[in-house]
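Taking it in order: structure first as structure tokens, then the write-up.
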Amino acid sequence: MPLSPSDRPAILGGPPVRPAGPPDWPIPDPAVDAAIREAMADGSWGKYHGPHVGRLESLIARYHAATHVVLCSSGTAAVELALRGIGIGAGDEVILAAYDFKGNFQDVLAVGGTPVLVDVRPDNWNLDVNLVPAAIGPKTKAILVSHLHGGVVDMPTVVRIARDRGLAVIEDAAQMPGARIHGRVAGGWGDAAILSFGGSKLLTAGRGGALITSRDDIAQRVRLYTQRGNDAYPLSELQAAVLAPQWARLGERNSQRTAAVARLAELLAGTTGLAMFHNEPSDSQPGYYKVGFQYDPAAFGGLSRDTFAAAVRAEGIALDPGFRALHTTHSSRRFRAAGDLPNATFADERVLTLHHPVLLGSETDLHEIAAAVEKIRRHAADLS
């Protein structure tokens, strides 16, 4: 039977659920506008050295109960600096999840190390901490942990394993600033932690990152890289100026995003084949840069993950495939796999992520997400 023009999926030429498309990011913020005007008025926006970088470093240090913060050009640069700060070099192994941001894998290689890939949990596709002890070898020096897509890694267990085996811990909190794990802020667990201020992040300066540590030796080594000669890896005064006021609203906005995810879960509760990530520990407060879903094509008439995502995006919803699993995109000569990686392989094929700006919207915005999903389900056969 021919499709009704009003019900035809947008990818097939019908009207989209959200004609205006996904919400823009960053959103207008009077406090950020004021910070820019202040930096313009006092000339600090164009100086090598001014008040804003130091103020932001102090703010982040207090927030994470840390001794040292070093601002830099990106979250990826911050991970590289953390690796260098703990002394990772040629032949040293660093454990990380086989499903992770590719920049973390590349950073380990950049300092001469060898990534050791560990499988992920089947319910949230973050690092399976129970598999970490068996992955540790005589050359292992550190564990690099990322919290992804609203999933939360059990950091107390990671830290205990690391301390028992004499390993360092780097916590990648780029996707969840302000989140909490057992009452402690994400980014406050490891020997070093990193944040990202990239253009799509919850705290944005277009580009930027931060390394957080309470170890003097790590801070001293990192500053050898960031303060030598031409001041490598810098964050500008203007970038620091626009970040500071965003911290004041981080808690409020994180609470709003968390409430929106809970409501979205209710709206999608009857949608088989699209399950939200499960979080542990139960007293965690995750952050939502991306909302993670596990997609089952069988529930959508065999429609592939990528085609489903493209169809939902055409409806004006910022839904995308997740990361590629690291062992599927790199030569096996460049890493050591700690056993089989079935869940990471599954994640490579099944993860979907919803971008965060819509979570600060209205009830109508959330209903539109559910409507777009259901619309594509109804017409899955037309898209296969």
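1082 is the number that the working numbering gives to position 251 of the sequence shown; each next residue is one higher, with no gaps. No residue lacks a Cβ here, since even glycine has one placed at the ideal position from N, Cα and C.
Which first and last residues belong to the alpha helix (DSSP H) in which Asp1127 is found?
-> In the sequence shown, the residue the question calls residue 1127 occupies position 296. Where Asp1127 is concerned, there is no enclosing alpha helix (DSSP H), given that its DSSP letter is neither H nor E.
Beta strand (DSSP E) segment containing Ala908, residue limits = Here the question's residue 908 lines up with position 77 in the sequence shown. Counting along the chain, Ala908 falls outside any beta strand (DSSP E), though it belongs to the alpha helix (DSSP H) covering Gly906 to Gly916.
Span separating the alpha-carbon of Leu1098 from that of Leu1190 | Taking the first residue of the sequence shown as position 1, residue 1098 is located at position 267. Taking the first residue of the sequence shown as position 1, residue 1190 is located at position 359. Between Leu1098 and Leu1190, the C-alpha separation is close to 14 angstroms.
Per-residue DSSP class, three states only, for Arg1181 = The residue you call residue 1181 lines up with position 350 of the sequence shown. In this structure, Arg1181 counts as helix in the three-state DSSP scheme.
When you compare each of Ala1156, Ile1148 and Pro1076 to Glu869 by their alpha carbons, which one comes out closest?
-> Numbered from 1 along the sequence shown, position 38 holds the residue referred to as residue 869. Residue Pro1076 is the option with its Cα nearest to Glu869.
Based on Cα-Cα distance, which residue from Leu1069, Glu1205, Gly918 and Arg1164 lies nearest to Ala872?
-> Position 41 of the sequence shown, counted from the first residue, corresponds to residue 872. Cα-wise, what sits closest to Ala872 is Leu1069.
According to DSSP, residues forming a beta bridge with Pro1152 = Reading the sequence shown from its first residue, position 321 is the one you call residue 1152. Leu1183, per the DSSP bridge assignment.
Is Met832 helix, strand or coil by DSSP?
-> As a position in the sequence shown, residue 832 is number 1, starting the count at 1. Because Met832 sits at a pLDDT of 45, beneath the cut-off of 50, its placement in the model cannot be relied upon, and the following sentence gives the value as read from the coordinates. Coil at Met832, not helix or strand.
Distance between Arg839 and Gln1006 (C-alpha atoms, nearest Å) = As a first step, residue 1006 must be located in the sequence shown, where it is residue number 175. As a first step, residue 839 must be located in the sequence shown, where it is residue number 8. Approximately 35 angstroms, taken between the alpha carbons.
Given a cut-off of 8 angstroms, decide if Leu912 and Val884 are closer than it, judged by their beta-carbon atoms.
-> In the sequence shown, the residue the question calls residue 884 occupies position 53. In the sequence shown, the residue the question calls residue 912 occupies position 81. No. Outside cutoff.
Please determine, among Arg849, Ala1203 and Leu887, the residue with the shortest C-alpha to C-alpha distance to Ala866.
-> On the sequence shown, position 35 is the one that residue 866 refers to. Cα-wise, what sits closest to Ala866 is Leu887.
In this structure, what does DSSP give as the bridge partners for Lys1121?
-> Within the sequence shown, the letter at position 290 stands for residue 1121. Lys1121 is bridged to His1186.
Counted within 10 angstroms of its Cβ, other Cβ atoms place Tyr879 as buried (16 or more) or exposed | Position 48 of the sequence shown holds residue 879. Exposed.
Backbone CA spacing between Leu975 and Ala1024 [nearest angstrom] = Your numbering for residue 975 matches position 144 in the sequence shown. Your numbering for residue 1024 matches position 193 in the sequence shown. When rounded, the distance between both Cα atoms is 9 angstroms.
Should the region 1038-1053 be called in touch with the region 841-858, which here means at least 3 C-beta pairs below 8 angstroms?
-> no
Run through DSSP, which three-state label would Arg893 get?
-> Here the question's residue 893 lines up with position 62 in the sequence shown. Looking at Arg893 - three-state DSSP - the assignment turns out to be helix.
For the region 1077-1090 and the region 1112-1123, state whether three or more C-beta atom pairs, one from each stretch, are separated by less than 8 angstroms.
-> yes
Same chain, Cβ closer than 7 angstroms to Gly968, five either side skipped, listed in chain order | As a first step, residue 968 must be located in the sequence shown, where it is residue number 137. Correct list, in chain order: Glu924.
Three-state secondary structure (DSSP) of Met986 | Here residue 986 is taken as the residue at index 155 of the sequence shown, counted from 1. Helix.
Return helix, strand or coil for Thr945, following the three-state DSSP convention.
-> Within the sequence shown, numbered from 1, the residue matching residue 945 stands at position 114. Three-state result, Thr945: strand.
Got a sec? Which residues, its chain only, sit under 6 angstroms from Ala1212 by beta carbon, not counting five neighbours each side?
-> On the sequence shown, position 381 is the one that residue 1212 refers to. Hits under 6 angstroms: Gly1132.
Rounded to whole angstroms, how far is the Cβ of Val900 from the Cβ of Ala892, which I believe are closer than 8 angstroms?
-> Within the sequence shown, the letter at position 69 stands for residue 900. Within the sequence shown, the letter at position 61 stands for residue 892. Val900 to Ala892, Cβ: 5 angstroms. Contact.
For Met832, count neighbouring Cβ atoms within 10 angstroms of its own Cβ and tell me buried if that reaches 16, exposed if not.
-> Residue mapping note: residue 832 aligns to position 1 of the sequence shown, counting from 1. Reliability fails at Met832, whose pLDDT of 45 lies under 50, so the model's placement of it is uncertain and the value that follows must be treated cautiously. So Met832 counts as exposed.
Would you mind giving the Cβ-Cβ distance between Val949 and Val963, rounded to the nearest angstrom? I have them listed as a contact below 8 angstroms.
-> Counted from its first residue, the sequence shown places residue 949 at position 118. Counted from its first residue, the sequence shown places residue 963 at position 132. Indeed, because the Cβ distance is near 6 angstroms, the residues count as touching under 8 angstroms.
Any idea what DSSP makes of Ala1017, helix, strand or coil?
-> Residue numbering aside, residue 1017 sits at position 186 when the sequence shown is read from its first letter. Looking at Ala1017 - three-state DSSP - the assignment turns out to be coil, as it is neither helix nor strand.
Which class does Leu1026 belong to by DSSP, given the choice of helix, strand or coil?
-> Translated into positions along the sequence shown, residue 1026 becomes position 195. Residue state, collapsed to three classes: strand.
Can you say whether Gly1014 is buried or exposed, counting buried as having 16 or more other CB atoms within 10 angstroms of its CB?
-> The residue you call residue 1014 lines up with position 183 of the sequence shown. Exposed, since its Cβ has fewer than 16 Cβ neighbours within 10 Å.
Say whether the region 996-1010 touches the region 1200-1214, bearing in mind that this needs 3 or more beta-carbon pairs closer than 8 angstroms, one atom from each stretch.
-> no
Three-state class that DSSP yields for Thr1044 in the structure shown = By 1-based counting over the sequence shown, the position of residue 1044 is 213. The answer is strand: DSSP assigns Thr1044 an E or B state.
Mind reading off the beta-carbon distance from Tyr930 to Phe1154? Whole number of angstroms is fine, and I expect it under 8 angstroms.
-> Position 99 of the sequence shown, counted from the first residue, corresponds to residue 930. Position 323 of the sequence shown, counted from the first residue, corresponds to residue 1154. At roughly 6 angstroms, the Cβ-Cβ gap stays under 8 angstroms, so Tyr930 and Phe1154 are in contact.
Closer than 7 angstroms: is that where the CB of Val983 sits relative to any heavy atom of the ligand HEM?
-> By its list of ligands, the structure shown contains no ligand whatsoever, and the ligand HEM lies outside what it can speak to.
What separation, rounded to the nearest whole angstrom, lies between the Cα atoms of Gly981 and Gly1123?
-> Within the sequence shown, residue 981 is the residue found at index 150, counting from 1. Within the sequence shown, residue 1123 is the residue found at index 292, counting from 1. For Gly981 and Gly1123, the distance between alpha carbons rounds to 6 angstroms.
Beta-carbon proximity check, Leu940 vs Ala973, cutoff 8 angstroms = Taking the first residue of the sequence shown as position 1, residue 940 is located at position 109. Taking the first residue of the sequence shown as position 1, residue 973 is located at position 142. No, these two residues do not count as a Cβ contact at 8 angstroms.
For Arg996, count neighbouring C-beta atoms within 10 Å of its own C-beta (all shown protein chains included) and say buried if the count is 16 or more, exposed if not.
-> Taking the first residue of the sequence shown as position 1, residue 996 is located at position 165. Exposed is the call here.
Does the region 1131-1149 come close enough to the region 1161-1175 to have 3 or more Cβ pairs within less than 8 angstroms?
-> no
Assigned secondary structure, Glu1194 (DSSP; H/G/I helix, E/B strand, else coil) = Position 363 of the sequence shown, counted from the start, is the residue given in the question as residue 1194. Helix.
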